[in-house]
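Asks: Sharing a structure below in C-alpha cells format, with a few things to ask.
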Amino acid sequence: MHKRRIVLAASAVTLGLGLSACNGDDGEPAAKESPSASASAPVSSEPSSESPTDDSGDDGNSGEAPAEGDVTAPGTKLKVGDRAVLPFAYTSDKKGTIAVTVTAIEKGAESDMAAFGDKAKGMTPYFIKMKVENVGGTDLSYASLKLDGVLEGGAGTGVILMGDIPGKCDRETAPRDFTTKGASYETCSLSATKTAPVTGAEFDEGDTYRDGPVVWTD
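According to this note's numbering, the sequence shown is numbered sequentially starting from 5.
So this is what it looks like as C-alpha cells:
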C-alpha cells in the first residue's frame, strides 16, 4: 500500500524550507544521495505503521557475525557491534558485497535539528554510526550507504533524512580507493523521531531485504 510522506528540505546556506509530498513505499532515492546532500535533508514527519522486525524471522545468526564471504540472511537480527555481510548495489555499474558493522546508535539533541526548519521542531535526532568494508573487492569508490532508524517496538520512524549534522553525524561516501577487498571507511546515518526512541538500525536495500531487513539493536 502506498503511504503519504511529508518531505522537508533545509539549505545549509540559506536554511530555506521547502515542502513537498510524495507517494512511495521505499526510501531508495534518499538512500542514494551523497553526503553533499547535507544541504538537502528530506524528512517525513508521519510515523510509519510498518514493523520491519516483526515476523521477519531469525535465521539463528542473531548476535553472530557471519564468516567473511557468507551473506547475512534477510530478517537476521543483530546487536550493535555485530557485522553483517550484504549484497550492495549503488548504481548499475557499482555492485558488490560489503560488510556493515553498526558501532553505535547515539541520541542527539532537538537543537541539532535547527537547520531542518520549523517542521522539525520536536524531533530528536539519532546518529547511526557504522563501519563499512569492501568484502567482494569490486569498485565501490564514492558509493554511499544509508541505514534507517527503527523505533523501540520495531516500527520505522516514518522520517526520511538525507544529509548529516556536521561534526556529530557526518555521512561519508566510500573513498576513492574503496576498490579492493578489505578496504573500509566509517560513516553515519541520521535518523529522527517525535515519538518513541530509536533503538535500532536496519538495512533494507534491494528486493531481497525490503520485506526482511537486517536489523541491529542496542
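A virtual CB, placed ideally from N, CA and C, is assigned to each residue, including glycine.
(1) Can T142 and T197 be called in contact, C-beta distance under 8 Å?
(2) Entirely within the region 79-141 and at least 3 residues each: give me those beta strand (DSSP E) ranges in chain order.
(3) For L165, count neighbouring Cβ atoms within 10 angstroms of its own Cβ and tell me buried if that reaches 16, exposed if not.
(4) Closest by CA to T183, which one among D74, L149, V139?
(5) Near G238, what residues of its chain come up, given a Cβ to Cβ distance below 7 Å and the 5 sequence neighbours on each side ignored?
(6) What three-state label does DSSP hand T212 in the structure shown?
(7) Determine the burial state of K150: buried for a count of at least 16 other Cβ atoms within 10 Å of its Cβ, exposed for fewer.
(8) Just the C-alpha distance for C160 and G186, rounded to the nearest angstrom, thanks.
(9) K135: which of G171, E114, R175 sits nearest, CA to CA?
(10) Does DSSP put V75 in a helix, a strand or coil?
(11) Tell me, to the nearest whole angstrom, how far the beta carbon of V84 is from that of I109; I am working on the premise that it is less than 8 Å.
(12) Straight-line CA distance for N65 to V219?
(13) Select from L194, D181, Y146, S188 the residue whose C-alpha is nearest the C-alpha of V163.
(14) Using the C-alpha atoms, what's the distance from G153 back to K111?
(15) Measuring CB to CB, does Y130 end up less than 8 Å from T177?
(16) Taking I2 as the reference, give the member of R180, V75, P201 with the closest Cα.
(17) Nearest to L155 by CA position, among K99, T212, T199, is which residue?
(18) CB G121 to CB G216, shorter than 8 Å?
(19) Let me check understanding here. Comparing Cα to Cα, which of E206, S148, F207, A124 lies closest to T95?
(20) What does DSSP give as the partner residues of V163 in its beta bridges?
Replies: Judging by the given coordinates:
(1) no
(2) 81-83, 87-93, 99-111, 128-138
(3) buried
(4) V139
(5) Here the chain comprises residues numbered 5 to 222, so residue 238 is not present and cannot be evaluated.
(6) helix
(7) Its Cβ being crowded by 16 or more others within 10 Å, K150 is buried.
(8) The residue you asked about is not Cys; residue 160 is Gly in the sequence shown. Cα to Cα, G160 sits roughly 32 Å from G186.
(9) R175
(10) coil
(11) 6 Å
(12) Legend: pLDDT at N65 = 40, less than 50; position of this residue unreliable, no value from coordinates given.
(13) Of the residues L194, D181, Y146, S188, the one whose Cα lies closest to the Cα of V163 is L194.
(14) 12 Å
(15) no
(16) One cannot answer for residue 2 here, as it falls past the ends of the chain, which runs 5 to 222.
(17) T199
(18) no
(19) S148
(20) V163 pairs with nothing; no bridge assigned.
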